[in-house]
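Accompanying notes for the structure given below.
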Amino acid sequence: MQDRCFCVMGDDHGELSLQHDSVYGAAVVLPQVARSCEWPGTLIAAVIRTYFFCLLNFTLQAFLLSMIGEEQHFWYPFGGKMHLCDFGASIQDCPGAPNCVGPGGTVLSYPRLYDYDIWSTRTFVKQSLQVLFPASMGNLDSAVDPGEYGLESFSCRCLCIGLFMLAVVDDLEDAMNLFRTLVSIPTEYESWISLDIPDWCSKEDIKQLNESEEKDFIRYEISGIPLHWKLFNAFFILLPKCMLWLGLVRSGVHYLMETAGIMNTVVNAMALTFILQVDEILFQRLSSSVTTEIMSKLEFKALYDLEEVEQESDADALAHFEEVELKKSWGSILFKTFPTRLFIIMVLQAIFLLDYYVSNCDKLEDGSWVSKAMRLPADMGYNPLALMFGWETVEEPKPFWTMQQ
53 MQDRCFCVMG DDHGELSLQH DSVYGAAVVL PQVARSCEWP GTLIAAVIRT YFFCLLNFTL
113 QAFLLSMIGE EQHFWYPFGG KMHLCDFGAS IQDCPGAPNC VGPGGTVLSY PRLYDYDIWS
173 TRTFVKQSLQ VLFPASMGNL DSAVDPGEYG LESFSCRCLC IGLFMLAVVD DLEDAMNLFR
233 TLVSIPTEYE SWISLDIPDW CSKEDIKQLN ESEEKDFIRY EISGIPLHWK LFNAFFILLP
293 KCMLWLGLVR SGVHYLMETA GIMNTVVNAM ALTFILQVDE ILFQRLSSSV TTEIMSKLEF
353 KALYDLEEVE QESDADALAH FEEVELKKSW GSILFKTFPT RLFIIMVLQA IFLLDYYVSN
413 CDKLEDGSWV SKAMRLPADM GYNPLALMFG WETVEEPKPF WTMQQ
């Protein structure tokens with residue numbers, strides 16, 4: 053009979069699962085399958101390859117994140133760039149609204165709005181003319197207008213950050229599933245591999261009937277893990293995965309908040325998620341046939357009693373359905389309609405936006421959010437953790453830019 057758990061509980065509840073298409077999942081599964089088989093040579097080689105690819109994945113993702121951090125914390129200041137914050141966020145209401153004064157100290161307007169590269173070039177030209185022709189300083193101020201640097205669309209930036217969070221939340225869910233699996237499965241030496249031969253017919257007859265092979269009777273299922281393997285997976289698989297996710301989201305939100313153009317914001321929101329796909333690319337392109345076959349056949353571990361469900365009669369299943377589903381209260385139905393994942397995404401977006409504003413912006417009395425005073429980095433040493441997570445670096449004491457009051 054059909055499994056009533058899909059009707060009553062939903063197909064995403066009551067199960068423990070691991071990623072089938074990632075080096076993270078393979079790094080957890082392969083050692084347990086090898087342990088269950090008493091460590092044969094082929095599986096030892098597969099485990100070593102998997103750990104190598106996992107280490108390669110950590111290295112590549114961490115390096116890419118550190119390069120994004122280097123761009124933000126080293127090369128932006130050397131390019132004279134301040135934090136974008138909310139410059140121009142209320143340009144449609146200017147003058148007289150918050151965020152109407154740009155980094156150049158003048159009132160923003162649509163004809164005078166430029167991205168940073170164009171604005172900095174125009175500002176450089178004006179400053180050069182003032183140095184070359186100091187006697188014409190007053191005329192140059194009125195005749196040469198460099199414009200201002202600010203946002204093209206505040207709402208587009210918020211929407212793109214929300215889409216970015218929507219794209220990366222799957223990796224957070226995968227990490228939570230791994231944590232849940234490590235906590236929920238028994239801390240025992242259970243086997244992850246077994247032979248599944250039906251008792252209604254001989255194995256040879258089944259092979260002829262279904263044109264199957266010997267390996268088709270092998271079954272891989274998530275089972276108990278010894279304590280030392282749980283600790284190993286928690287510290288060397290789960291923890292780095294969570295740290296890389298945190299580093300990407302923090303760097304990604306920072307990068308999108310510093311992007312002024314509409315087109316650049318839209319493109320960058322999706323391009324940044326590529327970093328979290330490196331583990332899947334490595335698995336798909338470099339994993340051996342042994343690894344991919346084991347991962348493709350890996351079965352979830354049900355937290356409900358499958359035997360009880362399978363052995364109940366149709367009448368019992370119908371009675372359970374009528375009791376549980378057809379008599380649900382409206383309060384229970386409304387609770388199930390609440391979009392929990394969307395709420396989590398919105399909360400995460402609010403947290404990382406708050407982190408950006410607190411770390412990089414100052415709030416003025418009129419409600420404007422402007423960049424903090426900018427200083428050049430005093431130490432260009434490569435510190436990957438500091439660059440990944442945006443930790444404060446050693447800076448020169450004198451700022452090269454401050455917001456004009």
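Just add 52 to the spot in the sequence shown (first one is 1) and you have the working numbering.
Even for Gly, the Cβ is constructed at its ideal location relative to N, Cα and C.
Worksheet item: Measuring CB to CB, does LEU416 end up less than 7 Å from GLU448?
Response: Working through the sequence shown from its first residue, we reach residue 416 at position 364. Working through the sequence shown from its first residue, we reach residue 448 at position 396. No. Outside cutoff.
Practice prompt. Return yes when the Cβ of LEU279 is within less than 7 Å of the Cβ of THR239, no when it is not.
Written response: Stepping through the sequence shown from its first residue, residue 239 is reached at position 187. Stepping through the sequence shown from its first residue, residue 279 is reached at position 227. Taking 7 Å as the Cβ cut-off, THR239 and LEU279 qualify as a contacting pair.
Discussion item. How far does the alpha helix (DSSP H) with LEU234 in it extend, from its first residue to its last?
Written reply: Within the sequence shown, residue 234 is the residue found at index 182, counting from 1. Its alpha helix (DSSP H) spans residues 206-236.
Item to complete: Measure the beta-carbon distance from VAL220 to THR111 and round it to whole angstroms, keeping in mind my assumption that it falls under 8 Å.
Response: Within the sequence shown, residue 220 is the residue found at index 168, counting from 1. Within the sequence shown, residue 111 is the residue found at index 59, counting from 1. That belief does not hold up - the Cβ atoms of VAL220 and THR111 are roughly 20 Å apart, past 8 Å.
Worksheet item: What is the residue span of the beta strand (DSSP E) that LYS415 lies within?
Response: Locating residue 415 in the sequence shown gives position 363, where the first residue counts as 1. Taken as a continuous stretch (DSSP letters only), the beta strand (DSSP E) holding LYS415 covers 413-415.
Item to complete: Determine the direct distance from the alpha carbon of LYS388 to that of TYR241, and round the result to whole angstroms.
Response: The residue labelled residue 241 in the question sits at position 189 within the sequence shown. The residue labelled residue 388 in the question sits at position 336 within the sequence shown. For TYR241 and LYS388, the distance between alpha carbons rounds to 38 Å.
Worksheet item: With contact counted as at least three CB pairs below 8 Å, one residue from each stretch, are the region 400-417 and the region 123-138 in contact?
Response: Judged by Cβ distances under 8 Å, the region 400-417 makes contact with the region 123-138, as three or more pairs qualify.
Worksheet item: For MET426, which three-state DSSP category applies?
Response: Translated into the one-based positions of the sequence shown, residue 426 becomes position 374. Strand at MET426.
Worksheet item: In whole angstroms, what separates the C-alpha of LYS424 from that of LYS349?
Response: Counting from one through the sequence shown, the residue named residue 424 turns up at place 372. Counting from one through the sequence shown, the residue named residue 349 turns up at place 297. Taking the straight line joining both Cα atoms gives about 54 Å.
Practice prompt. Kindly indicate the opening and closing residues of the beta strand (DSSP E) around SER246.
Written response: Stepping through the sequence shown from its first residue, residue 246 is reached at position 194. Run containing SER246: 245-247, per the beta strand (DSSP E) assignment.
Item to complete: Answer yes or no: do ILE346 and VAL85 have a C-beta to C-beta separation smaller than 7 Å?
Response: The sequence position of residue 346 within the sequence shown is 294, counting from 1. The sequence position of residue 85 within the sequence shown is 33, counting from 1. It is a contact, given that the beta carbons lie within the stated cut-off.
Worksheet item: Looking at the unbroken beta strand (DSSP E) that takes in TYR434, where does it start and where does it end?
Response: Numbered from its first residue, the sequence shown carries residue 434 at position 382. No beta strand (DSSP E) contains TYR434, which DSSP labels as neither H nor E.
Discussion item. In the DSSP output, which residue or residues are listed as bridge partners for ILE270?
Written reply: Position 218 of the sequence shown, counting from 1, holds the residue named residue 270. In DSSP, ILE270 forms a bridge with LEU247.
Worksheet item: Does DSSP put LEU136 in a helix, a strand or coil?
Response: In the sequence shown, counting from the first residue as 1, residue 136 sits at position 84. In this structure, LEU136 counts as coil in the three-state DSSP scheme.
Discussion item. Could you compute how far the alpha carbon of SER236 sits from the alpha carbon of PRO150?
Written reply: The residue given as residue 236 occupies position 184 in the sequence shown. The residue given as residue 150 occupies position 98 in the sequence shown. Using only the alpha carbons, I get a separation of about 51 Å.
Worksheet item: Going along the chain, which residues of its own chain have a beta-carbon closer than 7 Å to the beta-carbon of GLY433, five neighbours each way excluded?
Response: Counting from one through the sequence shown, the residue named residue 433 turns up at place 381. Apart from sequence neighbours up to five positions away, no residue of its chain approaches GLY433 with a beta-carbon distance below 7 Å.
Discussion item. Bridge partners for VAL153 per DSSP, in chain order?
Written reply: Residue numbering aside, residue 153 sits at position 101 when the sequence shown is read from its first letter. Under DSSP, VAL153 forms a beta bridge with VAL159.
Worksheet item: Does the distance from the C-beta atom of LEU165 to that of ILE397 stay below 7 Å?
Response: Counted from its first residue, the sequence shown places residue 165 at position 113. Counted from its first residue, the sequence shown places residue 397 at position 345. In this structure, ILE397 does not lie closer than 7 Å to LEU165 by Cβ.
Worksheet item: Touching or not, the region 109-127 and the region 288-306, by the rule of three or more beta carbon pairs under 8 Å?
Response: A contact exists between the region 109-127 and the region 288-306.
Practice prompt. Would you mind sorting ARG87 into buried or exposed? The rule is 16 or more other CB atoms within 10 Å of its CB.
Written response: Here residue 87 refers to the residue found at position 35 of the sequence shown. Burial call: buried.
Worksheet entry | Cβ-based neighbour list, PHE58, same chain, cut-off 7 Å, excluding 5 preceding and 5 following | Within the sequence shown, residue 58 is the residue found at index 6, counting from 1. Any answer about PHE58 is weak, because its pLDDT of 43 lies below 50 and its placement is not dependable; what the coordinates show is given next. Correct list: empty, nothing qualifies.
Practice prompt. Give the range of the alpha helix (DSSP H) segment to which PRO83 is assigned.
Written response: Position 31 of the sequence shown, counting from 1, holds the residue named residue 83. PRO83 -> alpha helix (DSSP H) spans 75-88.
Discussion item. On a Cα-Cα basis, can you pick out the residue from GLN456, CYS212, PHE206, PRO163 that is closest to VAL305?
Written reply: Within the sequence shown, the letter at position 253 stands for residue 305. Per the Cα distances, CYS212.
Discussion item. Measuring alpha carbon to alpha carbon, tell me which residue in TYR307, THR233, THR454, ALA369 is nearest TRP281.
Written reply: Position 229 of the sequence shown, counting from 1, holds the residue named residue 281. It is THR233.
Discussion item. Contact defined as beta carbons within less than 8 Å: I believe VAL116 pairs with LYS353. What is the distance between those atoms, to the nearest angstrom?
Written reply: Within the sequence shown, numbered from 1, the residue matching residue 116 stands at position 64. Within the sequence shown, numbered from 1, the residue matching residue 353 stands at position 301. The sequence given here has Leu at residue 116, not Val. The pair is not a contact, with the Cβ atoms about 34 Å apart (cut-off 8 Å).
Worksheet item: Is the Cβ-Cβ distance between GLY121 and MET426 less than 7 Å?
Response: Locating residue 121 in the sequence shown gives position 69, where the first residue counts as 1. Locating residue 426 in the sequence shown gives position 374, where the first residue counts as 1. Cβ atoms of GLY121 and MET426: not closer than 7 Å.
Practice prompt. Might you give, ordered along the chain, the residues of its own chain that have their beta carbon closer than 8 Å to the beta carbon of GLN336, omitting 5 neighbours on each side?
Written response: The residue given as residue 336 occupies position 284 in the sequence shown. Excluding sequence neighbours, GLN336 sits near ASP73.
Practice prompt. Measuring alpha carbon to alpha carbon, tell me which of VAL330, SER205, VAL342 ends up nearest ALA98.
Written response: Reading the sequence shown from its first residue, position 46 is the one you call residue 98. Residue VAL342 is the option with its Cα nearest to ALA98.
Discussion item. Beta-carbon within less than 7 Å of ALA187's beta-carbon, same chain only, minus the 5 sequence neighbours each way: which residues are those?
Written reply: By one-based count along the sequence shown, residue 187 stands at place 135. The beta carbon of ALA187 lies closer than 7 Å to none in the same chain, with the five residues before and after it left out.
Item to complete: Select from PHE390, CYS208, ALA369, VAL399 the residue whose C-alpha is nearest the C-alpha of VAL316.
Response: In the sequence shown, residue 316 corresponds to position 264, counting from 1. In the sequence as presented, Val is not what sits at residue 316; that position holds Asn. Nearest of PHE390, CYS208, ALA369, VAL399 to ASN316, Cα basis: CYS208.
Worksheet entry | Cβ pair THR102, ALA79 closer than 7 Å | By 1-based counting over the sequence shown, the position of residue 102 is 50. By 1-based counting over the sequence shown, the position of residue 79 is 27. Yes, these two residues count as a Cβ contact at 7 Å.
Practice prompt. Determine the burial state of PHE139: buried for a count of at least 16 other Cβ atoms within 10 Å of its Cβ, exposed for fewer.
Written response: Position 87 of the sequence shown holds residue 139. Flag for PHE139 reads buried.
Discussion item. Classify GLY442: buried if its beta carbon has 16 or more other beta carbons within 10 angstroms, exposed otherwise.
Written reply: For the purposes of this step, residue 442 is identified with residue 390 of the sequence shown, where counting begins at 1. Burial call: buried.
Worksheet entry | Inter-residue Cα distance where the pair is ASP55 and ASP222 | Locating residue 55 in the sequence shown gives position 3, counting from the first residue. Locating residue 222 in the sequence shown gives position 170, counting from the first residue. Unreliable placement is indicated for ASP55, whose pLDDT of 47 sits below 50; the coordinate value is still reported in the next sentence. When rounded, the distance between both Cα atoms is 26 Å.
Discussion item. Using only the alpha-carbon positions, how far apart do MET322 and CYS89 sit?
Written reply: Here residue 322 refers to the residue found at position 270 when the sequence shown is read from its first residue. Here residue 89 refers to the residue found at position 37 when the sequence shown is read from its first residue. For MET322 and CYS89, the distance between alpha carbons rounds to 42 Å.
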